[in-house]
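Engineer: Have a look at this one before I ask anything.
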Amino acid sequence: MFFFFSYGPKQKNLGIVKSILCDVCGQFGKYEVFVIYNEFSLFFIPVYRSARKYLVRMTCCQTVFELDGEAGRKIERDERVAVREEDLTLVKRGKGVTKCPSCQSDVEDHFLFCPTCGHHLHEEHRE
Ligand SMILES: [Zn+2]
Ligand SMILES: [Zn+2]
Numbered sequence: 001m002f003f004f005f006s007y008g009p010k011q012k013n014l015g016i017v018k019s020i021l022c023d024v025c026g027q028f029g030k031y032e033v034f035v036i037y038n039e040f041s042l043f044f045i046p047v048y049r050s051a052r053k054y055l056v057r058m059t060c061c062q063t064v065f066e067l068d069g070e071a072g073r074k075i076e077r078d079e080r081v082a083v084r085e086e087d088l089t090l091v092k093r094g095k096g097v098t099k100c101p102s103c104q105s106d107v108e109d110h111f112l113f114c115p116t117c118g119h120h121l122h123e124e125h126r127e
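Structure, rendered in structure tokens:
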């Protein structure tokens, strides 16, 4: 007799809840909400699910926040709920993009020097 079972993380996209001006990269982005949990299933029937964790990802720069569980459950039940900044905990800061002042190419924020022309990107601005 065969046993079909699987155990692994599941991820479900709950959709986009809000458009905001992003603090991290300074562009307009959207909050995209995900729920993740581990699921153990037997014969394709889920028999166990771990605690759910709600995540918000910014569509602009892929910054990831953890969303307060209460707010997350409401979104999952399709209740209209405003996601407030105090419900979010920063998990992973996304890559912001800056323009190199010397050669105008787009450079990811975490670079210290421009990969195109070698310009030092984080020196203080002088008028
Ligand atoms: Zn952003
Ligand atoms: Zn450059």
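Just so you know, we're using the numbering used here here: the sequence shown kicks off at 1 and counts up by one. Note that the Cβ used here is the ideal one computed from N, Cα and C, for glycine as well. If you're wondering where the values come from, they're calculated on a predicted model, not measured in any experiment.
(1) Given 7 Å as the limit, tell me if S6 has its C-beta closer than that to any heavy atom belonging to ligand 2.
(2) Taking 8 Å as the threshold (beta carbon to beta carbon), is Y7 in contact with chain C?
(3) Take D78 as the anchor and find which of K10, V17, F5 has the nearest alpha-carbon.
(4) What residue from E76, G94, D68 has the CA that sits closest to E85's CA?
(5) Please tell me whether, using a cut-off of 7 Å, the distance from the CB of T116 to the nearest non-hydrogen atom of ligand 2 is below it.
(6) Mind checking T116: buried by the 16 CB within 10 Å criterion, or exposed?
(7) With distances taken Cα to Cα, identify the nearest neighbour of S102 among L14, H110, E108, G118.
(8) So, under 8 Å CB-CB, F34 and R57 are touching, yes? Tell me the CB distance rounded to an integer number of Å.
Structural biologist: Short version:
(1) It does not: the Cβ of S6 is nowhere closer than 7 Å to a heavy atom of ligand 2.
(2) No chain C appears in this structure, which consists of one protein chain only.
(3) Ranking the options by Cα distance to D78, first place goes to V17.
(4) Comparing Cα positions, the closest option is D68.
(5) Checking every heavy atom of ligand 2 against the Cβ of T116, one is found closer than 7 Å.
(6) The residue in question, T116, is exposed, as its Cβ has fewer than 16 Cβ neighbours within 10 Å.
(7) Nearest C-alpha to S102: G118.
(8) With a contact defined as Cβ atoms closer than 8 Å, F34 and R57 qualify at about 7 Å.
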